[in-house]
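Trainee: Heads up: the sequence lines are chains A and B, in that order. Its first residue numbered 328, the first sequence is counted upward by one per residue in my numbering. Its first residue numbered 328, the second sequence is counted upward by one per residue in my numbering. For every residue, glycine included, the Cβ atom is placed at its ideal position computed from N, Cα and C. Model, not experiment: these values are computed from the prediction.
There are 2 protein chains.
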Amino acid sequence: MLLVLVLLGVALLVAQQKSGKNSRLEYSKDGKLVLPKDYREWVFLSAGIGMTYNSDATPKTNPPFENVFVSPAAYREFMKTGAWPDKTVLFLEVRGSESRVSINKDGRVQTKIVAIEGHVKDSAKGGWAFYGFKDGAQEGTLFPKTAPCYSCHQENGATDTTFVQFYPTLIETAQKNHNYKETGH
Amino acid sequence: MLLVLVLLGVALLVAQQKSGKNSRLEYSKDGKLVLPKDYREWVFLSAGIGMTYNSDATPKTNPPFENVFVSPAAYREFMKTGAWPDKTVLFLEVRGSESRVSINKDGRVQTKIVAIEGHVKDSAKGGWAFYGFKDGAQEGTLFPKTAPCYSCHQENGATDTTFVQFYPTLIETAQKNHNYKETGH
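1) What does Ser424 (chain A) pair with, by DSSP beta-bridge criteria?
2) Please list, in chain order, the chain A residues whose beta carbon lies closer than 8 Å to that of Pro390 (chain B).
3) So, is Lys448 (chain A) buried or exposed, given that buried needs 16 or more other C-beta atoms within 10 angstroms?
4) For a test of the three-state rule: what should DSSP assign to Ser373 (chain A), helix, strand or coil?
5) Give the interface partners of Tyr380 (chain B) over in chain A, defined as CB-CB distance under 8 Å, in chain order.
6) Under 7 Å, CB to CB, which of the residues in the segment 356-377 of chain B have a partner in chain A?
7) According to DSSP, is Ile498 (chain B) helix, strand or coil?
8) Would Gln492 (chain B) pass as an interface residue toward chain A - the criterion being a Cβ-Cβ separation below 8 Å?
9) Among the candidates A:Asn483, A:Thr489, A:Thr473, A:Ser355, whose CA atom is the shortest distance from the CA of Phe396 (chain A)?
10) Alpha carbon to alpha carbon, what distance is there between Pro412 (chain B) and Ser450 (chain B)?
11) In angstroms, rounded to a whole number, what distance separates the CA positions of Ala430 (chain B) and Gly463 (chain B)?
12) Using only alpha-carbon positions, find the residue among A:Val331, A:Val370, A:Glu393 that is nearest to Gly377 (chain A).
13) State the Cα-Cα distance for the pair Ala474 (chain B) and Leu352 (chain B), rounded to the nearest angstrom.
14) Shortest alpha-carbon distance to Lys461 (chain B) belongs to which of B:Leu469, B:Gly454, B:Trp455?
15) Per DSSP, which one or two residues make a beta bridge with Lys380 (chain B)?
16) Any beta carbon from chain B within less than 8 Å of Gln437 (chain A)'s own beta carbon?
17) To the nearest whole angstrom, what separates the beta carbons of Phe457 (chain A) and Tyr477 (chain A), a pair I think is in contact under 8 Å?
18) Residues in the segment 480-504 of chain A with C-beta within 8 Å of chain C's C-beta atoms, listed in sequence order?
19) Using a Cβ-Cβ distance under 8 Å, would Pro399 (chain B) count as near chain A?
20) For Leu334 (chain B), count the other beta carbons within 10 Å of its own beta carbon; 16 or more makes it buried, fewer makes it exposed. Which is it?
21) My understanding is that Asn483 (chain A) touches Ala410 (chain A), with C-beta atoms under 8 Å, so please give their C-beta distance in whole angstroms.
22) With 8 Å as the threshold, decide whether the Cβ of Pro386 (chain B) is near any Cβ in chain A.
23) Using beta carbons (cut-off 8 Å, strictly below), is Thr510 (chain A) in contact with chain B?
24) Could you tell me which of A:Glu466, A:Ser424, A:Arg403 sits nearest to Gly281 (chain A), measuring between CA atoms?
25) Quick check: the Cα distance between Glu368 (chain B) and Lys472 (chain A), rounded to an integer number of angstroms?
26) Check the Cβ-Cβ distances between Asn394 (chain B) and every residue of chain A, and say whether any is below 8 Å.
Here you go:
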């Protein structure tokens, strides 16, 4: 019985390390953000389509989808406290859209990846930072702190510079924890 | 050392059971499908918007989003074999959409849940079945086998009656495993 439990313990440790090995915040030696191989297994927050924050923008005829994923540990912490813990990682995955795919006649479905961006809360690097993954790159380059994404998220993020206002499963928890700012219009 | 491993084994077993307790296929006593409390932590397959398979349908002015989630164990098995194992569960979560939310000016974002449907592969119940969750119900009622969803999925599902043609991360794996049917148009 003891031996069985010992073996189970070891097996489960290995399994946990294996399944979690890509879920942690990881940088390359030159400070780029490593794209976790399993980010598509992370918690999905929401998908928008053709979103724009610029009132002068021309409506897109072929609007992209924007999927947002968050690291599972950060998601569970947020659902308890309404706040993002240190080492939170969000990924924005932008995909093309098409309409007449297979038997679909109207509306739009998702196709190939167009762009990926990471948004990381890391106190060891001075707080939130954005990283861009170009053309299928597996490592993301830091956006300079003067890039407009920083000031826009700072000003308009409902919760701690993140756009919780667009993530329907998080809004109520953030509001209950008095960590939700009304924005826009 | 032995004792530490034993305790670790027990702790990890408990943790695994806890985290997995809602991830398994579960029916109520009267045969309804129980909605897992954590289905939003399952693997996201894709989101469409305003999809319709009826060429006579009027385009929707306020099209709903359709998010699809699959049980993590079934997803991992599919990524290895290109096939759905027994006890696979997929959930379709339909959400309303809005445009001018917060600072968004164009395109659409997701809002409240409009409907939920489950699609379950269970050999103990004769194969695939559909369940509908009405008005926030936590248990889904079986759609009769004569409902059009069965014949449509049978005829048009790219892989084993599921619409893998709309799930971009699965298509290549299904094709490589010769488990992908071209459909439509």
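Mentor: Taking the structure as given:
1) Within the first sequence, the letter at position 97 stands for residue 424 (chain A). DSSP lists A:Gln437 as partners of Ser424 (chain A).
2) What you label residue 390 (chain B) is simply residue 63 of the second sequence in a count that begins at 1. Those are Gly434, listed as they occur along chain A.
3) The sequence position of residue 448 (chain A) within the first sequence is 121, counting from 1. In the assembly as shown, Lys448 (chain A) is a buried residue. Its beta-carbon has 16 or more other beta-carbons within 10 Å.
4) Residue 373 (chain A) sits at position 46 when you count from the first residue of the first sequence. When DSSP states are grouped into helix, strand and coil, Ser373 (chain A) belongs to the strand group.
5) Locating residue 380 (chain B) in the second sequence gives position 53, counting from the first residue. Neighbours of Tyr380 (chain B) on chain A, chain order: Ile430, Asn431, Lys432.
6) Listed in sequence order: Arg367, Glu368, Val370, Phe371, Ser373, Ala374, Gly375, Ile376, Gly377.
7) Walking along the second sequence from the start, residue 498 (chain B) turns up at place 171. Note: Ile498 (chain B) maps to helix in three-state DSSP.
8) Counted from its first residue, the second sequence places residue 492 (chain B) at position 165. Chain A, which has a Cβ nearer than 8 Å to the Cβ of Gln492 (chain B), makes this yes.
9) What you label residue 396 (chain A) is simply residue 69 of the first sequence in a count that begins at 1. Ranked by how close their Cα comes to the Cα of Phe396 (chain A), the residues A:Asn483, A:Thr489, A:Thr473, A:Ser355 have A:Thr489 in first place.
10) What you label residue 450 (chain B) is simply residue 123 of the second sequence in a count that begins at 1. What you label residue 412 (chain B) is simply residue 85 of the second sequence in a count that begins at 1. One alpha carbon belongs to Ser450 (chain B), the other to Pro412 (chain B), and they sit about 10 Å apart.
11) The residue given as residue 430 (chain B) occupies position 103 in the second sequence. The residue given as residue 463 (chain B) occupies position 136 in the second sequence. Correcting the residue identity first, residue 430 (chain B) is Ile in this sequence and not Ala. Spanning the two alpha carbons is a distance of roughly 29 Å.
12) Position 50 of the first sequence, counting from 1, holds the residue named residue 377 (chain A). Nearest of A:Val331, A:Val370, A:Glu393 to Gly377 (chain A), Cα basis: A:Glu393.
13) Locating residue 474 (chain B) in the second sequence gives position 147, counting from the first residue. Locating residue 352 (chain B) in the second sequence gives position 25, counting from the first residue. Spanning the two alpha carbons is a distance of roughly 22 Å.
14) Start at 1 with the first residue of the second sequence, and residue 461 (chain B) comes out as number 134. The option with the nearest alpha carbon to Lys461 (chain B) is B:Leu469.
15) In the second sequence, the residue the question calls residue 380 (chain B) occupies position 53. It should be noted that the sequence gives Tyr, not Lys, for residue 380 (chain B). None, per the DSSP bridge assignment.
16) As a first step, residue 437 (chain A) is located in the first sequence; it is residue number 110 there, counting from the start. Taking 8 Å as the threshold, the shortest C-beta distance from Gln437 (chain A) to chain B falls below it.
17) Translated into the one-based positions of the first sequence, residue 457 (chain A) becomes position 130. Translated into the one-based positions of the first sequence, residue 477 (chain A) becomes position 150. Between Tyr477 (chain A) and Phe457 (chain A) the Cβ distance is about 7 Å, and since that is below 8 Å, they are a contact.
18) Annotation note: the requested chain C is absent from the structure, which comprises protein chains A and B.
19) Numbered from 1 along the second sequence, position 72 holds the residue referred to as residue 399 (chain B). With 8 Å as the cut-off, Pro399 (chain B) counts as an interface residue toward chain A.
20) Position 7 of the second sequence holds residue 334 (chain B). Looking at its Cβ environment, which holds fewer than 16 other Cβ atoms inside 10 Å, Leu334 (chain B) is exposed.
21) Position 156 of the first sequence, counted from the start, is the residue given in the question as residue 483 (chain A). Position 83 of the first sequence, counted from the start, is the residue given in the question as residue 410 (chain A). The C-beta separation of Asn483 (chain A) from Ala410 (chain A) comes to about 18 Å, leaving the pair out of contact by the 8 Å criterion.
22) Counting from one through the second sequence, the residue named residue 386 (chain B) turns up at place 59. Closer than 8 Å to some Cβ of chain A, the Cβ of Pro386 (chain B) qualifies, so yes.
23) The count along the first sequence starts at 1 and reaches residue 510 (chain A) at position 183. With 8 Å as the cut-off, Thr510 (chain A) counts as an interface residue toward chain B.
24) Nothing about residue 281 (chain A) can be reported from this structure: the residues present for chain A run from 328 to 512 only.
25) Counting from 1 along the second sequence, the entry for residue 368 (chain B) is found at position 41. Counting from 1 along the first sequence, the entry for residue 472 (chain A) is found at position 145. Computed Cα separation, rounded: 32 Å.
26) One-based indexing of the second sequence puts residue 394 (chain B) at position 67. Closer than 8 Å: yes.
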